[in-house]
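Notes to accompany the following structure.
Residue numbers (the numbering used here): 16 to 190.
And the structure:
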């Protein structure tokens, strides 16, 4: 996925003056980072992509945030607490034993960081003439949580499933 004129490659830390990066962050209803507002007694039906054991419903928020492609969840007491991770909210039904939430708003915010590269964790790439265009690309790509933009091939979004290593790189924008 990398190349001599752009990204250094998945997981490799290399200085590159032509790359820029960013993360997609979950927001609460007030626009603050990290929130999940639970829908009490509501089950989001279908769209299951995985499950994890958690003791509390709000723990599902971070589980969903770090699970590629997760955009919603339903918590039940199955097996002493299970988060049913979902690719989308889908239809809802009343279920007194369920609590559900969407940790991501439909239009995630992008705080662009100039001169920063998010190293590794590439899940794909897409053409984009400017860094801000990568926000829309990432928000509509399953599993995308961050990106780095370079001038390679007229502008390329390097889509990431998470933000790990961060290095300073002139000419790179990330979010």
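Virtual Cβ for every residue (Gly too), placed ideally from N, Cα, C.
Count the other CB atoms, across all protein chains shown, that sit within 10 Å of the CB of residue i; report buried if there are 16 or more and exposed otherwise.
i: residue 136; result: buried
i: residue 84; result: buried
i: residue 144; result: exposed
i: residue 155; result: exposed
i: residue 174; result: buried
If we call anything under 8 angstroms between Cβ atoms a contact, is residue i one with residue j?
i: residue 113; j: residue 56; result: yes
i: residue 159; j: residue 153; result: yes
i: residue 157; j: residue 77; result: no
Keeping to the same chain, check which residues put their C-beta closer than 6 angstroms to that of residue i; ignore five residues upstream and five downstream.
i: residue 72; result: 53, 90 and 114
i: residue 127; result: 37, 146, 188 and 190
Helix, strand or coil: which one does DSSP assign to residue i?
i: residue 173; result: strand
i: residue 144; result: coil
i: residue 183; result: strand
i: residue 117; result: coil
i: residue 60; result: coil
Identify, in the order they occur along the chain, each residue of the same chain with its Cβ nearer than 7 angstroms to the Cβ of residue i, setting aside the five sequence neighbours on each side.
i: residue 183; result: 130 and 131
Would you mind reading off the limits of the alpha helix (DSSP H) that contains residue i?
i: residue 80; result: 74–80
Between residue i and the ligand NAD, is the CB less than 7 angstroms from at least one heavy atom?
i: residue 89; result: This structure lacks the ligand NAD; in fact it carries no ligand of any kind.
What does a CB cutoff of less than 8 angstroms around residue i pick up in its chain, not counting 5 residues either side in sequence?
i: residue 142; result: 168, 169, 170, 171 and 172
i: residue 92; result: 112
i: residue 82; result: 64, 65, 67 and 100
Looking at the unbroken beta strand (DSSP E) that takes in residue i, where does it start and where does it end?
i: residue 161; result: 161–165
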